[in-house]
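Numbering (our numbering), first residue to last: 3 to 109.
Heads up, the beta-carbon is just placed ideally off N, CA and C, and yes, glycines get one too.
None of these values were measured; they are calculated from a predicted model.
Structure record follows, encoded as structure tokens.
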Amino acid sequence: MNCYECKKRIKDFLNDSLNSKNCIAFVEHVKSCNECMEELSIEFLVNEGLKRLDTATSFDLERELNEKINQAYSKAKFYKHFALICSIVVFATAFILGVFLSTLFSY
Ligand SMILES: [Zn+2]
């Protein structure tokens, strides 16, 4: 992912609407690119800051952003692996069923 694509996806990331593949690429980019990380921090501060203007509670937005990034990343990784495991299971089941059926009909 390049900086242009990354910046286009900041809003989607903050709304949790990136798919796993884009989310992983996005997080990997912002972690290695200071410019995009700064852009993301600003967007996050503006978004969250505005939402909480009425609440007087103190908040640590930088920590929250880091948590959001890490959570989104591990979730995306999990789903990616989960999808892979699912397709392996489906494939294996189809294979076993195929072998089973072919032995069934070979007699
Ligand atoms: Zn960048």
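_Sequence-distant residues of its chain with Cβ nearer than 7 Å to Arg11 (five each side left out)_ = The residue given as residue 11 occupies position 9 in the sequence shown. For Arg11, where only same-chain residues beyond five positions count, the Cβ hits under 7 Å are Leu20, Asn24, Phe28.
*Could you give the residue range of the alpha helix (DSSP H) that holds Ser34?*
Along the sequence shown, read from residue 1 onward, the residue named residue 34 stands at position 32. Element bounds for Ser34: 22-34.
*Just confirm the distance between the C-beta atoms of Ile26 and Lys82, as a whole number of angstroms; I'd bet it's less than 8 Å.*
Looking up residue 26 in the sequence shown gives position 24. Looking up residue 82 in the sequence shown gives position 80. The pair is a contact, with the Cβ atoms about 7 Å apart (cut-off 8 Å).
*asked:* Would Cys88 and Cys38 qualify as a contact pair, given that the criterion is a beta-carbon distance under 8 Å?
replied: Along the sequence shown, one-based indexing puts residue 88 at 86. Along the sequence shown, one-based indexing puts residue 38 at 36. Result no, Cβ atoms of Cys88 and Cys38 do not sit closer than 8 Å.
*Helix or strand or just coil, what does DSSP make of Ser108?*
For the purposes of this step, residue 108 is identified with residue 106 of the sequence shown, where counting begins at 1. Residue state, collapsed to three classes: coil.
*From this set, Lys9, Val48, Val32, which residue's C-alpha is nearest Asn72's C-alpha?*
Stepping through the sequence shown from its first residue, residue 72 is reached at position 70. If we check each option's Cα against that of Asn72, Val32 comes out closest.
*Taking 7 Å as the line, does the beta carbon of Cys88 fall inside it for any heavy atom of ligand 1?*
As a first step, residue 88 is located in the sequence shown; it is residue number 86 there, counting from the start. Not so, every heavy atom of ligand 1 lies at least 7 Å from the Cβ.
_Same chain only: Cβ atoms within 8 Å of Cys35, ignoring 5 sequence neighbours per side_ = Looking up residue 35 in the sequence shown gives position 33. Contacts found: Cys5, Cys8.
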